[in-house]
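Written below as structure tokens is the structure these notes are about.
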Amino acid sequence: MRWLPSNLRTRLTFWYVGVLAVLLLVYAAIVFAFQYAVLTKQIVHDEIQDVVTAEGLLYFDYAGTLQLRQDYYSRPQSRLLVDRLMEVRDSSGRVLYRSPTLGNMSLGGPVRAGEGDVDFNERLVRLADGTHVLLISHIHGMNGQQLLIRLAYSMAPLRARMIQFLVVLLIAIPVALLIAGAAGQAIAKRALRPVEEMAMRAEGITAKNLHDRLEVVNPEDELGQLALVFNHLLDRLEQSFEQLQRFTADAAHELRTPIAALRTIGEVALQDESGDEVCKEALSSILEETSRLSETVDALLLLARAETTQGGQEPEAWPLQSLVDEVLNLLEVLIEEKGLLVVQDGEAIGRRSVRADRGLLRIALMNVIHNAVKFSPRDGSLRIGYALCDTDSQAIQVAVEDSGPGIANGEHKRVFDRFFTSSTRDTIAHTGTGLGLSVSKLVIERIGGTIHFDSAAEVGARCVICLPEASSSE
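Spelled out as structure tokens, the structure:
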């Protein structure tokens, strides 16, 4: 709403005063109507009492004229009738008595059909002079005649009283709203003061002091929960920033090493004049270092792709074993060169489908299986088993177990860190970028799976992957 103030404190005060104004107006209307009804009912009650009193004072004189008894003027209750408007008619509608105050004005006009037959009839009437009165009609039997007695009170005093009451309300409500607005502004300012302090504290947090956190006064209220959520965000930012710093340092180190090697080889080749053989060796070394550098860059690009997207294509259902077989076919030359025995268990479960990006999942499996092949000794074995995950029957497990030196205790989680090199397996092979398992972990987690190593040093390494099973409709 554009017409609302932009300041939150003012908006809260505005809504508070607005709601209070509506409630006060509704309350005032109800009280006004109730007061009017009560006073009107009191007038009707008084009129009924006056009618009963008048019935006891009326009589016919010797000439047949309707008169009031002499104590009309002597009794205090009877004297009140002097100021009342009263009219008495016979059954034909002829006026038998009329208060002097009325003069020639009729009180209620011609007799209505059924008027006064049942108890006391009441209605609002406007006299000829414009006066509004509340009229009570009642039939009274006297000397064999049915007399219609009409008695009325002017509504002017009631209306004057109600106008006074309305004026009081019109003055009191704005004053109450002004007081409520001032109080609401103060309360809102005090309530939002922690937010202002949080904003000032958050504004002062930069890359140099990511360890700073917002103060949590009361973790149970909304502001405390907001501060906790923001602190959790800062925790993740600090962790990501530290990972980025480590990654940058590791990447710089990994890229500097082959570049320095290339430079050294080139300088040596330029200084040596022995002939073509030295140049060939230099070129061979350059190609080897260039290949390693290219693998590192490709792995970095793949990590960036996996971190910023969910994959190159929409996830689909793919038989898990068929993906593993594709990877084994790609590694067939390396497997045969090392004379490895490949054994697959639980193929019935392996034929089930998982839901993932085929390209990314194949890369993740390639890194894991290639890692197992690389660290397996010659004439060793490579075992791939399929089963249902223990923690989730809707997930399929594929375990890749090699016969290499295994992973040292304490390094099972660190092997997924970027550029990490195992203390036990580094003695077998020095090649690689140190990014393959990092890529696999990121891809597996992106598709809703898990990956971990379950091994002990010198007894082989067992990598366990759990992948979400595709539904039967896919």
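Numbers 258 to 731, taken from the numbering used here, label the letters of the sequence shown in order. Even for Gly, the Cβ is constructed at its ideal location relative to N, Cα and C.
| Check | Outcome |
| --- | --- |
| Cα-Cα separation between residue 491 and residue 450, rounded to whole angstroms | 21 Å |
| Straight-line Cα distance separating residue 597 from residue 636 | 5 Å |
| Cβ neighbour criterion (16 or more within 10 Å) applied to residue 718 | buried |
| Three-state class that DSSP yields for residue 586 in the structure shown | helix |
| Extent of the continuous alpha helix (DSSP H) run through residue 632 | 615-632 |
| Reduced DSSP category for residue 274 - H, G, I as helix; E, B as strand; rest coil | helix |
| Closest residue to residue 348 among 371, 444, 301, 362 (Cα-Cα distance) | 371 |
| Residue of 382, 354, 498 minimising C-alpha distance to residue 322 | 354 |
| Identity of the residue in 577, 676, 432, 459 nearest residue 604 by Cα | 577 |
| Cβ contact (3+ pairs, closer than 8 Å) linking the segment 650-659 and the segment 619-639 | yes |
| Residue 399 - partner residues in DSSP beta bridges | 402 |
| Paired residues, beta bridge with residue 720 - DSSP | 657, 710 |
| 9 Å Cβ cutoff met for residue 700 and residue 591 | no |
| Backbone secondary structure at residue 437 - three-state DSSP | helix |
| Contact between the segment 305-325 and the segment 392-406 (3+ Cβ pairs under 8 Å) | yes |
| With 16 other Cβ atoms within 10 Å as the buried cut-off, status of residue 274 | buried |
| Own chain partners of residue 269 with C-beta closer than 6 Å, once the 5 adjacent residues on each side are dropped | 445 |
| C-beta atoms of residue 575 and residue 621 nearer than 9 Å | no |
| Local conformation of residue 267 per DSSP, three classes | helix |
| Classification of residue 726 by the beta-carbon crowding that lies within 10 angstroms, buried from 16 upward | buried |
| Among 470, 374, 480, 345, nearest to residue 494 - alpha-carbon criterion | 470 |
| Integer-rounded CB distance, given that residue 342 should sit under 8 Å from residue 408 | 7 Å |
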